[in-house]
Amino acid sequence: MAAARGYWSSLLPLQKAAVVLGVPAGTAVLYILYRRYRESREERQTFVGDEELEVEMRVPRAVVKSIIGRRGATIKKLRQETGARIDVEGEEEGEEAALLISGSPVQVCQVKAAIHQIVAESTPVSEQLCVPQRAVSRIIGRGGETVRGICRSSGARVLCEREAGASLCPVRAIQLSGTRKEVEAAKKLIMEKLMEDNVFRRELAQAAVARCQRKALLGSRWEPEPLPNGALEHRQEHEGLPWGEGLLSLVPSEETVEQEAESEELEEPGAPMPKFEVPSPDFAFDADEHLEVYISAAESPDRFWMQLVGQRSLQLDKLMAEMRQYYQHHSPAALLSDVQPGDIVAAPFAADGNWYRARVLGPQDNGNLGLHYVDFGDGGEAPRQALCALRSDFLSLPFQAVECGLAGVVPTGAGWEPAALDAFAQLTHCATWEPLLARIASYGPTAPCPRPRVRLFAVHGGVSLDVGTELVRLGHAVPRPCHGEPEEEEEEEAPQDAPVPPVAAAGAGEPGDPPPAPVPPCPAQAAA
């Protein structure tokens, strides 16, 4: 301290004045420089944040729709969140489109980052999804309604191409194209349909087992066999009673009816028998469309009956259970006082004693009435007293049996030999409720409505066989000459989307059923 004082005292007066004035002046200069530095920095920050910019950004034209969004929702959201102006150029040429972005640098940067993310997510992708062949009709839906709904909901393009022989493969390839998000959404919707089909298949398998137990004999059309003396043999059922008496035993006695009438309201006894007023739905299929069917009854390859596999198969089982309960354990509707050919009635079947819907064909030589069981195609007969009127709600389900003929083959001789009939029944799993594939080949001129001629494909030993080709290989049939089936030849040459004549039968219009196309109704079937 003494040294400092000595140094200060050694300075001249002029030097002391310079020191006293210089220190504050230097401090002031430093402060001024610092203030200018701060002000210049603040001015620079204001410039960066507030200066209006206009930037052109080029993006692939394929992703412009994703940037705009449905009804402009995406681009409106970007404008609101960033505050920038975003315009899309109107030109539609070239592989790229220009976006004009206006706003502050911060806003422009935010918009560009968001658009880069949209472009990355909107890059077109294509995937192939393999699904079971049996589920294709559920994915496509009635008239393509389901697949169009999948396209609308997901935004992806779903294409199920038709290739020669593709319908005979166990799996079918479905092409999905769109953005990654759209493709994933479409896959999710298709997987939901596959899960629905799996549930339906389990229910169908359970119903088929039960149907085999009670309906196995309905698969063959029984005709009375002549006895040595020339008389007709009638089956003996129900503990040795004659066939007609056995069926009569299924009808509740008048005493039982009176007792049950006290606890259940019946239809008026004098009410007329209900007629069939709800015709079976008419439907048409493309020439190459494959349908999943059951063969329920067969007389020959030229005349057999099939049921379309679908929700109506389960509805038919439910209907049969309700009819069995109503006519066996409850009072039936009023017994018929008069029956005319063409009437639709409730009739028991002698082979199993259950009740089914049947059309009256007419009187037989033995006094019984000939019957055609409309849901299975079987024929039979019963006494008039064994028939009952159908309850009105039992007519809500359309008839399920479709009368068909096998396309492409004719018998080797004048008619089909018994061995050919047995082979046909075995190849088609007749009345065993194993599904086959049927393809509509043509429509014959059979009155009153065109009868479809179909090709059948059945699985035996893990191999899909063409039933007609197999009959030819076994020597039971020969190929049909081309000139002998002009309808089929024309149908084969027609385009895939060409309409075909209607078939008056049931089984279409439910989930899981093949997609039909609307056609005019068949008056003859409606009258039946």
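Count the sequence shown with our numbering and you get residues 70 to 597, in order. Beta carbons are placed, not taken as given, at the ideal position from N, Cα and C, and that holds for glycine.
Contact check, residue i vs residue j under 8 Å by CB: the rounded distance?
{"i": "Cys220", "j": "Arg226", "result": "6 Å"}
{"i": "Phe445", "j": "Trp374", "result": "7 Å"}
{"i": "Ala546", "j": "Ala476", "result": "Going by Cβ atoms, the distance from Ala546 to Ala476 rounds to 11 Å, so no, they are not a contact pair."}
{"i": "Ala415", "j": "Ala500", "result": "Their Cβ separation, rounded to whole angstroms, is 21 Å, which puts Ala415 and Ala500 out of contact at 8 Å."}
{"i": "Glu602", "j": "Thr248", "result": "In the structure as shown, the chain starts at 70 and stops at 597, and residue 602 therefore has no counterpart that could be examined."}
{"i": "Val177", "j": "Val124", "result": "5 Å"}
{"i": "Val408", "j": "Arg428", "result": "Not quite, the Cβ-Cβ distance comes to about 11 Å (not below 8 Å), so this is no contact."}
{"i": "Gly224", "j": "Glu251", "result": "4 Å"}
{"i": "Ala459", "j": "Ile413", "result": "According to the sequence shown, residue 459 is Leu rather than Ala. The pair is a contact, with the Cβ atoms about 6 Å apart (cut-off 8 Å)."}
{"i": "Val478", "j": "Arg549", "result": "6 Å"}
{"i": "Arg130", "j": "Ala183", "result": "The pair is not a contact, with the Cβ atoms about 18 Å apart (cut-off 8 Å)."}
{"i": "Leu496", "j": "Leu464", "result": "At roughly 34 Å, the Cβ-Cβ gap does not stay under 8 Å, so Leu496 and Leu464 are not in contact."}
With DSSP as the reference, please indicate the residues paired to residue i in a beta bridge.
{"i": "Ser526", "result": "In the sequence as displayed, the identity of residue 526 is Phe instead of Ser. DSSP lists Leu506 and Asp535 as partners of Phe526."}
{"i": "Val429", "result": "Leu440"}
{"i": "Gln376", "result": "Tyr363"}
{"i": "Gly513", "result": "Arg520"}
{"i": "Asp156", "result": "Leu169"}
{"i": "Arg127", "result": "Ala167"}
{"i": "Ile413", "result": "Arg428"}
{"i": "Arg122", "result": "In the sequence as presented, Arg is not what sits at residue 122; that position holds Leu. According to DSSP, which records beta bridges pairwise, Leu122 is partnered with Gly172."}
Quick check: the Cα distance between residue i and residue j, rounded to an integer number of angstroms?
{"i": "Ile259", "j": "Glu196", "result": "13 Å"}
{"i": "Tyr396", "j": "Leu360", "result": "34 Å"}
{"i": "Tyr512", "j": "Arg524", "result": "12 Å"}
{"i": "Lys85", "j": "Gly91", "result": "10 Å"}
{"i": "Asp386", "j": "Trp424", "result": "12 Å"}
{"i": "Leu377", "j": "Tyr363", "result": "6 Å"}
{"i": "Gly431", "j": "Glu472", "result": "20 Å"}
{"i": "Val532", "j": "Glu539", "result": "12 Å"}
{"i": "Leu81", "j": "Val89", "result": "13 Å"}
{"i": "Tyr106", "j": "Ser78", "result": "39 Å"}
{"i": "Gly436", "j": "Leu388", "result": "29 Å"}
{"i": "Thr143", "j": "Tyr103", "result": "48 Å"}
{"i": "Gln372", "j": "Phe493", "result": "With the sequence shown as reference, residue 372 is identified as Arg, and Gln is not the correct amino acid for it. Whole-angstrom Cα-Cα distance: 11 Å."}
{"i": "Leu83", "j": "Val175", "result": "59 Å"}
{"i": "Gly530", "j": "Ile509", "result": "25 Å"}
{"i": "Leu466", "j": "Gly218", "result": "27 Å"}
{"i": "Gln186", "j": "Arg522", "result": "57 Å"}
{"i": "Leu228", "j": "Ile209", "result": "10 Å"}
{"i": "Pro452", "j": "Pro239", "result": "47 Å"}
{"i": "Val194", "j": "Ser173", "result": "35 Å"}
{"i": "Thr96", "j": "Glu121", "result": "40 Å"}
{"i": "Val98", "j": "Ala87", "result": "16 Å"}
{"i": "Pro417", "j": "Val268", "result": "32 Å"}
{"i": "Gln454", "j": "Phe468", "result": "24 Å"}
{"i": "Ser461", "j": "Gln394", "result": "16 Å"}
{"i": "Lys257", "j": "Glu162", "result": "35 Å"}
{"i": "Pro201", "j": "Val216", "result": "16 Å"}
{"i": "Ala274", "j": "Ser406", "result": "40 Å"}
{"i": "Leu168", "j": "Ser222", "result": "28 Å"}
{"i": "Gly448", "j": "Gly474", "result": "17 Å"}
{"i": "Arg381", "j": "Met264", "result": "19 Å"}
{"i": "Met392", "j": "His441", "result": "17 Å"}
{"i": "Arg148", "j": "Tyr100", "result": "45 Å"}
Report all residues from its chain with a CB closer than 8 Å to the CB of residue i; omit the five preceding and five following residues, and keep chain order.
{"i": "Lys146", "result": "Gly138"}
{"i": "Gln179", "result": "Glu150, Thr151 and Ala153"}
{"i": "Arg203", "result": "Asp266, Arg270, Glu361 and Pro504"}
{"i": "Glu272", "result": "Leu383"}
{"i": "Lys181", "result": "Val124, Met126 and Ile170"}
{"i": "Cys199", "result": "Val240, Arg241, Ala242 and Ile243"}
With a cut-off of 9 Å, does the C-beta of residue i fall near any C-beta of chain E?
{"i": "Arg211", "result": "Looking at the structure shown, chain E is missing, and only one protein chain is on hand."}
Got a sec? Which residues, its chain only, sit under 6 Å from residue i by beta carbon, not counting five neighbours each side?
{"i": "Pro504", "result": "Glu361 and Val378"}
{"i": "Gly439", "result": "Leu430, Gly431, Gln433 and Glu450"}
{"i": "Ala507", "result": "Leu360, Val362, Val523 and Leu525"}
{"i": "Val188", "result": "Val128 and Val132"}
{"i": "Ser135", "result": "Ile187 and Ser191"}
{"i": "Val205", "result": "Arg241"}
{"i": "Pro555", "result": "Residue placement at Pro555 is poorly supported in this model, since its pLDDT is 43, which falls under 50; the coordinates are not used for a value here."}
Within a Cβ cutoff of 7 Å, which residues of the same chain sit near residue i, ignoring the five residues on either side of it in sequence?
{"i": "Pro480", "result": "Ala489 and Ala546"}
{"i": "Gly66", "result": "As shown, the chain starts at 70 and ends at 597. That puts residue 66 outside it, with no answer to give."}
{"i": "His498", "result": "Ile364, Leu505 and Ala527"}
{"i": "Glu486", "result": "His545"}
{"i": "Pro93", "result": "none"}
{"i": "Leu404", "result": "Cys457"}
Between residue i and the ligand NAP, is the CB less than 8 Å from at least one heavy atom?
{"i": "Ser171", "result": "This structure does not include the ligand NAP; it has no bound ligands of any sort."}
Inset, instruction - Entirely within the stretch 186 to 270 and at least 4 residues each: give me those alpha helix (DSSP H) ranges in chain order. - result: Runs found: 205 to 209 and 214 to 223.
Inset, instruction - Counting only runs of 3+ residues fully inside the stretch 443 to 495, write out the beta strand (DSSP E) ranges in chain order. - result: If only uninterrupted beta strand (DSSP E) runs of at least 3 residues are considered, those enclosed by the stretch 443 to 495 are 448 to 451, 471 to 475 and 478 to 480.
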